[in-house]
Amino acid sequence: MKSGYSGGRGENKGVALFFSLYFILINFETTKIALELHIRTLWCLPDQNSVPPMVTDALRKKFTDRFTSESQIAPAVAGHLKQHAANINEARRKVEELKRDLPVNSIVSNNIRRIPEADLCFMFGAVAAGGLYRWAPDVLSRDPYSHYNRFHEQMALDLFEHV
């Protein structure tokens with residue numbers, strides 16, 4: 012009499028591989044969704060239909076006055092996160108403003124509401140400590156790989172990992 016169980020001798024390796032890949036894809040999708048929510052929160056885009064604001068020349072100039080090369084960005088982000096993590100006065104105001112302005116019927120807003128306030132304050136405090144007046148990557152420009160956008164990328168990924 013033959014049972015359906017192979018005892019791990021190879022007949023079901025394909026099934027095991029399928030389920031392993033399935034769970035990797037599920038975890039990847041979950042991480043991707045969490046990262047998108049993290050970035051939308053930093054950007055104060057609480058609705059899935061929200062459009063990022065244009066980056067002003069003044070905002071870009073503040074950044075270029077501070078950084079002259081891409082190699083300065085990663086150490087600066089890491090250093091500022093460590094030095095200024097407790098600087099949350101302005102961040103707390105921005106968090107309160109974000110929460111107050113969240114739309115009622117929005118999936119993104121509902122997910123932002125689930126982020127602990129301490130994490131939101133840390134995120135916004137780190138952005139301010141990093142020398143940014145506000146989170147504003149220039150996604151509408153013709154240069155997605157500019158130093159300005161690389162800084163935002165590095166900041167988003169480091170904060171996402173920390174939070």
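For the sequence shown, the working numbering assigns the number 12 to the initial residue and increments by one for each residue that follows. Each residue gets a CB set at the ideal place from its N, CA and C atoms; glycine is no exception. Source: prediction; values computed, not measured.
{"query": "Quick check on this structure: which residue in 45, 74, 53 has the alpha carbon closest to the alpha carbon of residue 162?", "result": "74"}
{"query": "Return the CA-CA distance between residue 12 and residue 39, expressed in angstroms with no decimal places.", "result": "For residue 12, the predicted model reports a pLDDT of 44, less than 50, meaning its position is unreliable and no value from the coordinates is stated."}
{"query": "Distance check for residue 54 and residue 2, CA to CA, integer angstroms please.", "result": "Lying outside 12 to 174, the shown extent of the chain, residue 2 is not represented and no answer is given."}
{"query": "How would you call residue 139, buried or exposed, if buried means at least 16 neighbouring beta carbons within 10 angstroms?", "result": "buried"}
{"query": "How about the segment 75-89 and the segment 127-135: do they share at least three Cβ pairs that are nearer than 8 Å?", "result": "no"}
{"query": "Considering only C-alpha positions, which residue in the set 141, 60, 49, 69 is nearest to residue 84?", "result": "141"}
{"query": "Considering only residues of the same chain and omitting the five flanking positions on each side of residue 103, which have a CB-CB separation below 6 Å?", "result": "132"}
{"query": "Flag this pair as yes or no: are the beta carbons of residue 124 and residue 109 separated by less than 8 Å?", "result": "no"}
{"query": "Below 7 Å CB to CB, which residues in the same chain sit around residue 70 once its five sequence neighbours on both sides are set aside?", "result": "144, 147"}
{"query": "Look at the alpha carbon of residue 94 and the alpha carbon of residue 173, and state the distance between them as a whole number of angstroms.", "result": "14 Å"}
{"query": "For residue 164, which of 49, 44, 42, 56 has the nearest alpha-carbon?", "result": "49"}
{"query": "Short of 6 Å in beta carbon distance, which residues of its chain neighbour residue 166, apart from the five on each side in sequence? Order them along the chain.", "result": "88, 141"}
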